[in-house]
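Chemist: Here the numbering used here is used: the sequence shown runs in plain steps of one and ends on residue 115.
This is the structure I want to talk about, given as structure tokens.
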Amino acid sequence: MLFEKVDTIFIPVQNIEKAMPFYVDVLGGTPGWTDNNGNYQTIAFGNTSVTLCSIEHKLEKKLDTSLFSLYTTSIEKAHAYIASHGIDVSEVMEEGAAYFIMKDSDCNRIEICSY
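Here you go:
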């Protein structure tokens, strides 16, 4: 199977610091990786995680962030496979992990990653 698991679920929040107590103290998650700009914070739950992503507006329109990420051991193979189906994909990017972005038929962003 090309895709082995759902890697993370992105959860838009207006303020990561204010959102953290719910995911850590209430739900029992463990804080993990955060980016250098403070726009992303992972919270681990067993073998998977959610990623809090900072937004500056209310959720009244489509988001510009991926809703979830699929993990693959071969980012280039996955990129070629998705593109071969006529789906518009971004270039493969690197920021702590290799990833690319595509959109479903409703323009929801989905990320494919490898690390």
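Don't be surprised by glycine CBs; every beta carbon is placed ideally from N, CA and C.
Val50 by DSSP, collapsed to three states: which one?
Modeler: Mapped onto the sequence shown, residue 50 falls at position 50. Residue state, collapsed to three classes: strand.
Chemist: From Tyr99 to Asn108, what does the alpha carbon distance come to, in whole angstroms?
Modeler: Residue 99 sits at position 99 when you count from the first residue of the sequence shown. Residue 108 sits at position 108 when you count from the first residue of the sequence shown. Their Cα atoms are separated by approximately 16 Å.
Chemist: Between Ile112 and Cys53, how many whole angstroms is the CB-CB distance? I'm expecting something under 8 Å.
Modeler: The sequence position of residue 112 within the sequence shown is 112, counting from 1. The sequence position of residue 53 within the sequence shown is 53, counting from 1. So it is not a contact: roughly 17 Å between Cβ atoms.
Chemist: Starting from Tyr40 and walking both ways along the beta strand (DSSP E), at which residues does that stretch end?
Modeler: Here the question's residue 40 lines up with position 40 in the sequence shown. 40-45 is the extent of the beta strand (DSSP E) around Tyr40.
Chemist: Could you tell me the boundaries of the beta strand (DSSP E) in which Met102 lies?
Modeler: For the purposes of this step, residue 102 is taken as residue 102 along the sequence shown, with counting starting at 1. From DSSP, the beta strand (DSSP E) with Met102 extends over 98-103.
Chemist: Identify every residue that forms a DSSP beta bridge with Met93.
Modeler: In the sequence shown, residue 93 corresponds to position 93, counting from 1. Partner(s): Tyr99.
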